[in-house]
Amino acid sequence: MTETAADNKPKLKSDQMFINLGPQHPSTHGVLRIGLTIEGEIIVNAVPDVGYLHRGTEKLAEIRGYHHCVVLSDRWDYLNAMGNNMVFCMAAEKLMGVEVPERAQQLRVLMLELNRIASHLLFFGTYGIDIGAFTAFLHAFREREMVLDLFEMVCGARMTYNYIRLGGVMKELPKEWLDRCREFVPFFKKRLAEYDDLLSFNPIFLDRTKTVGAVGGKEALAWGWSGPNLRASGVPYDMRKFQPYSSYEKFDFEIPVGKDGSCWDRYYCRVREMHESLKIVEQVLGGLPEGPILGKGVAKVPKAPPGETYAAIEGARGDLGIHLVSDGNMSPYRLHVKAPSFINLQILQEMLVGQKISDVVAILGSIDIVLGEVDR
Amino acid sequence: MGNYFSTIFGAFTAILKGMSVTFKTMLKPATTVQYPTEKLVPYEGYRGALLFDADTCISCNLCVKACPSFCIQLENATNEAGKKIAKVKWYTIDFGKCNFCRLCEESCPTKPKSVWHSLDYEITFFKRDEMVRCWQKGFEFIGKYFDREAKEFKKPEGQVQIQTTQQRCQY
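Heads up: the sequence lines are chains A and B, in that order.
The first sequence begins at 5 in my numbering and counts up one residue at a time.
The second sequence begins at 4 in my numbering and counts up one residue at a time.
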């Protein structure tokens, strides 16, 4: 076994103890290891150790064509696979100069927002479990199932969609899809109101999360946080508003902002984001334009002209970016993913120090990391 | 003291509130199915296990090139003179590598498709060798696998569902 940063523990004092959290621990949401040094029940040192799920997809992309890379991108953040497809396609389209038709753009927005709802629902459920409320999980998964059903109807898969393709989307919507989606929106609105009764304002849940893991706006920005985590710290930064892509500028929605950046703020920011996503879904369903779904000029084996580009979107976990370098061949010369989970995770080493060991899981769960994206 | 009782009262009402949501759900019919006895049928266009038809295949190699995980291999058939003809001699799919992405089906030029996703989601294997499915003319339709120890083609034992749900999409 090779020695990692987490193994490099400082000389322990007599009343200190070193314990491992993970890699196989149900509350780490994957395979994350944290080396914790504790003094009584107060944490004095915490070192996150990543890399247990490294599959080398960035390197794999270097010998694969651009259409193949979309399939690889599904596997980064498997809870928000549409966003991964989207960001890779945006980068490649930028490089190739492909125009995406209006209908395809709005279909992309529709799928991204539905995927954001599915991702936040999983967070809602698993965070409830982390804190000790099991009922919320079952309720969340019932609704998530409906979203996954919609995805299954349109692209045939439930997690690795491969739906957003270079120049557009994979397939036209099936006949009864729009009706199913229109049924889902009011149903889910009712359920969201129930979630507040079930978990959000439960005093036991509030006690466990409201005073724990506060991160100020300045600190969050210094650590490079993005997404709902940053917004919960009071910084109203959202890529969809400030750098609109794929016709997001046409839709009207708000940016939910938290107050003090505690665990509860991060949790509730995501719940409110589901409301906003639902608003966008409603607007897209209201005025979906007709037209082609695939842009012209994408070859079966596409070649990008030499150059490099950067594209970023607001993923479910933050700013998801792709740095794509091409040397004119069939496959990318270099592909780099700016993964929000990886960057959000770094703050743990500072955030956990001084907290009680029983709060580790509450803090870790509230950051909402996906290890597939951390290690790629 | 008053604070103490108000905390108890607050927690009690919150539990009642949460329980009322649970109770309302209890009166509704169950959303789950009893899996091994009841089975859900996937929607049309589901990306299940791949199937192949050696009769329609023209061995154009497009699916081999379209596959992102390089899991398809094939060899052209030859006529008596030793020239390659547009028929497939043998065709293998490695389900251990397959991504279930439908790029092969989309690239297939024949009508109906020679390689396509069935609606089968229950694919299991007992051995690694079983994951590599072979199709060849003269064999039965269902893919056999090459056992590396016995050095012969065998019928799969682990997975039996693959031929029960067939569907060929036309798009």
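Ideal placement from N, C-alpha and C gives every residue a C-beta, glycine not left out.
Alpha carbons only, please: which of the options is nearest the one belonging to residue i?
i               : options                          : result
W138 of chain B : B:T95, B:G5 and B:K116           : B:T95
I208 of chain A : B:G5, B:E41 and B:A17            : B:A17
V158 of chain A : B:N64, B:D56 and B:E47           : B:E47
V91 of chain B  : B:F128, B:L65, B:L106 and B:C60  : B:C60
F128 of chain B : B:A33, B:F98, B:T28 and B:C104   : B:F98
L196 of chain A : A:E147, A:K254 and A:I67         : A:E147
I88 of chain B  : B:R131, B:S62 and B:L43          : B:S62
V173 of chain A : A:F22, A:S250, A:A236 and A:M334 : A:S250
G31 of chain B  : A:L64, A:A65 and A:H143          : The amino acid occupying residue 31 of chain B in the given sequence is Lys; Gly does not appear at that position. Comparing Cα positions, the closest option is A:H143.
L352 of chain A : A:R235, A:W227, A:N166 and A:F92 : A:W227
S281 of chain A : A:L170, A:F22, A:H72 and A:V151  : A:V151
K300 of chain A : A:L118, A:G101 and A:H72         : A:G101
A122 of chain A : A:L64, A:D134 and A:F141         : A:F141
V135 of chain B : B:M4, B:T35 and B:K100           : B:K100
D379 of chain A : A:E286, A:V35 and A:H58          : A:H58
A57 of chain B  : B:A84, B:E109 and B:T113         : B:T113
Which same chain residues end up closer than 7 Å to residue i when comparing Cβ atoms and leaving out the 5 residues on each side of it in sequence?
i               : result
L328 of chain A : A95, A96, L99, E312, T313, P336 and L339
K15 of chain A  : none
M5 of chain A   : At M5 of chain A, the pLDDT of 43 sits below 50, so the modelled position is not reliable; the number obtained from the coordinates is stated separately. Within the same chain, M5 of chain A has no close Cβ partners at all.
M334 of chain A : G69, V305 and K307
T61 of chain A  : L76, R79, W80 and R380
Q169 of chain B : For Q169 of chain B, the predicted model reports a pLDDT of 43, less than 50, meaning its position is unreliable and no value from the coordinates is stated.
R112 of chain A : M90, I168, V173 and S250
R162 of chain A : L152, F155 and E156
Listing by chain order, which chain B residues have their CB less than 7 Å from the CB of residue i?
i               : result
R146 of chain A : T34
H71 of chain A  : L106
E198 of chain A : V24
N233 of chain A : What N233 of chain A touches in chain B: nothing, since even the nearest Cβ is about 26 Å away.
List the DSSP bridge partners of residue i.
i               : result
A80 of chain B  : B:I88
N88 of chain A  : Answer is none; N88 of chain A lacks a bridge partner.
D97 of chain B  : B:V135
L324 of chain A : A:I317
D53 of chain A  : A:R37
E312 of chain A : A:V329
E43 of chain A  : A:Q20 and A:I46
H120 of chain B : B:L53
H340 of chain A : A:H327
G172 of chain A : A:R169 and A:L298
K360 of chain A : A:I46
L25 of chain A  : A:I38
Report the neighbours of residue i on chain B: residues whose CB is nearer than 8 Å to its CB, in chain order.
i               : result
D201 of chain A : K20, G21, S23 and V24
V378 of chain A : None at all; the shortest Cβ gap to chain B is about 21 Å.
R429 of chain A : Absent from the structure is residue 429 of chain A, since the part of chain A shown begins at 5 and ends at 380.
L76 of chain A  : P71
N89 of chain A  : Per Cβ cutoff of 8 Å: no residues; N89 of chain A is ~11 Å from chain B at best.
Below 8 Å CB to CB, which residues in the same chain sit around residue i once its five sequence neighbours on both sides are set aside?
i               : result
G332 of chain A : K307, A308, P309 and P310
R107 of chain A : L292, P293, E294, G295, P296 and I297
D323 of chain A : S230, G231, M243, A316, I317, K342 and P344
L289 of chain A : L114, L182, C185, R186 and V189
V239 of chain A : G221, A224, L225 and V261
Q20 of chain A  : T41, I42, E43 and V48
W93 of chain B  : L77, E78, C137, W138 and Q139
A14 of chain B  : none
V36 of chain B  : K42 and L43
S9 of chain B   : none
M4 of chain B   : none
Using a Cβ-Cβ cutoff of less than 6 Å, which residues in the same chain neighbour residue i once the five nearest sequence positions on both sides are dropped?
i               : result
G51 of chain B  : H120, S121, L122, D123 and Y124
F144 of chain B : Any reading at F144 of chain B needs caution, since the residue's pLDDT is 45, under 50, leaving its predicted position unreliable; the model's value is listed next. Cβ neighbours of F144 of chain B beyond the five flanking positions: none.
R235 of chain A : V261 and C273
I284 of chain A : E117, F255 and F257
How would you list, in chain order, the residues of chain B whose beta-carbon sits under 9 Å from the beta-carbon of residue i?
i               : result
A161 of chain A : Y49, R50, F103, C104 and R105
N119 of chain A : Here the premise fails: no neighbours, minimum Cβ distance about 17 Å.
List the residues of chain A that residue i touches, going by C-beta distances under 8 Å, in chain order.
i              : result
G13 of chain B : P207
A17 of chain B : F205, N206, P207 and I208
Compute the minimum distance between the beta carbon of residue i and the heavy atoms of the ligand ADP, and state whether it is under 6 Å.
i               : result
D379 of chain A : By its list of ligands, the structure shown contains no ligand whatsoever, and the ligand ADP lies outside what it can speak to.
By the criterion of Cβ-Cβ separation under 7 Å, what are the contact partners of residue i in chain A?
i              : result
P45 of chain B : E156
By the criterion of Cβ-Cβ separation under 9 Å, what are the contact partners of residue i in chain A?
i               : result
P112 of chain B : In chain order: nothing, as chain A lies at least about 11 Å away.
**Request:** Determine contact between the stretch 119-137 of chain A and the stretch 34-48 of chain A, defined as no fewer than three beta-carbon pairs at a distance below 8 Å.
**Result:** Contact fails: fewer than three Cβ-Cβ distances are below 8 Å.
**Asked** Counting Cβ pairs closer than 8 Å, one from the stretch 171-188 of chain A and one from the stretch 196-212 of chain A, do we hit at least three?
**Response** Proximity of the stretch 171-188 of chain A to the stretch 196-212 of chain A falls short of the contact definition, fewer than three beta-carbon pairs being nearer than 8 Å.
**Request:** Assess, as a yes-or-no matter, whether the stretch 78-90 of chain A is touched by the stretch 18-25 of chain B under the definition of 3 or more beta carbon pairs within less than 8 Å.
**Result:** Counting Cβ pairs under 8 Å, fewer than three are found: no touch.
**Asked** Below 8 Å, can you find three or more Cβ-Cβ pairs linking the stretch 73-93 of chain B to the stretch 71-79 of chain A?
**Response** Contact annotation: the stretch 73-93 of chain B does not touch the stretch 71-79 of chain A, with fewer than three C-beta pairs closer than 8 Å.
**Asked** Can we say the stretch 30-38 of chain A touches the stretch 354-373 of chain A, given the rule of at least three CB pairs closer than 8 Å?
**Response** The stretch 30-38 of chain A, when compared against the stretch 354-373 of chain A, does touch it at the 8 Å Cβ threshold.
**Asked** Given 8 Å as the limit, is there contact between the stretch 254-269 of chain A and the stretch 208-226 of chain A, that is, 3 or more CB pairs closer than that?
**Response** With a cut-off of 8 Å on Cβ pairs, the stretch 254-269 of chain A is in contact with the stretch 208-226 of chain A, counting three or more such pairs.
**Message:** Measuring CB atoms only, is the stretch 273-288 of chain A touching the stretch 252-262 of chain A, in the sense that at least three cross pairs come out at less than 8 Å?
**Reply:** The count of Cβ pairs closer than 8 Å, one atom from the stretch 273-288 of chain A and one from the stretch 252-262 of chain A, reaches three, so the stretches are in contact.
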